Every structure is written in structure tokens, then in C-alpha cells.
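*Asks:* Pasting in a structure now, in C-alpha cells, and then I'll have a few things to ask.
In full-length UniProt numbering, the protein residues as written are 1 to 272.
Written out as C-alpha cells, the structure reads:
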């Protein structure tokens, strides 16, 4: 008997369907905090060493494996070694970018991104952003990180409203996260990306695993798919930093190591 049993009836039904009909299932994952441990500097992020072997083991048994991330798609592929997973699709920048079979499709960023890029250093200086605050330029978005400050939560409180105002004036959306505020183009989120991918693939069961506030939109999408008759499993890579996803999840595991252990158990169940 597998030790990984969802706490909800909908979650159990979805996992049972994945196990009985894996060829009809889409398995989709966030990257940071889900497949890769959170680190002080996102540039040092790398996938848990068990991720690629686990995904490779499942890739030939399920309908599709995907990563849906706020990272640029090519960065997630590089940092995760994900090009070693056959047939993998990576939707980056919340779905604006698509990497597949070594090919990357990237649209032009909206003009608001350039406006924010030019204004952001001056805004942070005027606000007195504490030492350790830094800007990550994702080309299609700008992320302001506070994890390396003396008081990350206090820094977020200081910066939150002014950055939201800056984003609004530039026609961008604000994406809060784990000790980060991201200013990005509106109209696309992980839920939209996941729903579109599931529909394009004709997936009849969907699993999404995430850890952060930006993954709530994907959880919403799983619930909408359930309402349309598509079984779905919401898996949370749990942490002490973000609890909102755990409250919504069908199954909570212990961080990226727990996600890997779940995938390894699923592979054993499928006889891989």
C-alpha cells in the first residue's frame, strides 16, 4: 500500500485514476520550492538530485510531464537539467514562454516591463529599501527579493504598496511570493497555462504540484477542471514559509525531497 494517500475524496479519486490510467494523465510541477529547494540567491537554485531520474521514469508512462514556472523557461531547463527528461514541456514566465524538444518560443515583452526596469532602482532607493534587497531581471518581469535582508517580512511590508502602484502605472500585475514581489505582464498565470496545456493534450487527469502563492492559480484551475469532470490532484510541497497551499491541497509532502519521494512511489506503483 502506498504511503501517499490524499486527505480528500477528490484527491484520492484523481490519484487512483493516475495509477490505473497513467497514459491519460498530465503531471505538472512548479520549479522553485517544488522541484528545487529554496536558496538565498535564486541564481544558485538547482533541482533536487532525484527530480530528473523520477521524471524520466514517469515520462514514458503518462500522457505528459510539464513544468509551469515563473522563471524564464530556458533558465528552469538549465537549472533543473530538465532537457534530460524526454517529451518534457516547460512553460516559463507563467506560461508566456514555452520550451519543448530543445525549442524555445518567447514573445516580446510588453513596454511596461522596460518602464519598470528603468524606474525600479530609483524607487527602491527612495523607499530606503534595506541592505540585501535586490532585483532579479527576468526579461519579461522584474522580481524584488528580500530574503537576504535582516527582516525579509518587514521589507516586503515596506515595499508592497509602492511596488503595486508602480506596476499599475506600467500596466503590469503584481505576483507576491516567498520573500519576493514580482512585477510581470497581466493576463497569464499558472492556472491559465495549466488549463491550456491540459486542453491541448486532451489530458483526462491532472496533477499539479506547487509551494508558493503563485501556484494558487493552478490549484484553482485543478478545481475548475474537476467541475468539468476531469479528476485532479493538488499536491503541496510543504514549508513553514507558506501555508496557504497546504490548506488547499489534497496531499502535502515535505518539500522537494517529499515531491521526489512521491514520484518515486508513483513510479513503483506503475511498475517502472
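All residues carry an ideal CB built from backbone N, CA and C; glycine is no exception.
These numbers come from a predicted model, not from an experiment.
Quick one: what's residue 174 bridged to in DSSP?
*Replies:* Answer is 183, bridged to residue 174.
*Asks:* Who are the near neighbours of residue 64 in its chain, counting only those whose CB is closer than 6 Å to its CB and skipping five residues on each side?
*Replies:* Here the set comprises 26, 201.
*Asks:* What three-state label does DSSP hand residue 18 in the structure shown?
*Replies:* Of the three classes helix, strand and coil, the one that applies to residue 18 here is helix, per DSSP.
*Asks:* Which word fits residue 138, buried or exposed, when buried means at least 16 other C-beta atoms lie within 10 angstroms of its C-beta?
*Replies:* Burial call: buried.
*Asks:* Would DSSP call residue 31 helix, strand or coil?
*Replies:* In the structure shown, residue 31 sits in coil (DSSP, three-state: anything other than H, G, I, E or B).
*Asks:* Which residue or residues does DSSP assign as beta-bridge partners of residue 47?
*Replies:* Answer by DSSP bridge pairing: none, since residue 47 is not bridged.
*Asks:* Excluding the five sequence neighbours on either side, which residues of its own chain have a C-beta within less than 7 Å of the C-beta of residue 107, listed in chain order?
*Replies:* Closer than 7 Å at Cβ, skipping near neighbours: 96.
*Asks:* Contact between the stretch 40 to 54 and the stretch 206 to 219 is defined here as three or more beta-carbon pairs at a separation below 8 Å; is this criterion met?
*Replies:* Segments in contact, no.
*Asks:* Give the C-beta separation of residue 234 and residue 250 to the nearest angstrom, bearing in mind that I take them to be a contact with Cβ-Cβ under 8 Å.
*Replies:* Right, the Cβ-Cβ distance comes to about 5 Å (below 8 Å), so this counts as a contact.
*Asks:* Grouping DSSP H, G and I as helix and E and B as strand, with all else coil, what is residue 356?
*Replies:* With the chain covering 1 to 272 only, the question about residue 356 has no answer from this structure.
*Asks:* If we require 4 or more residues per run, which alpha helix (DSSP H) segments fall completely within the stretch 36 to 82?
*Replies:* The qualifying runs are 51 to 59, 73 to 80.
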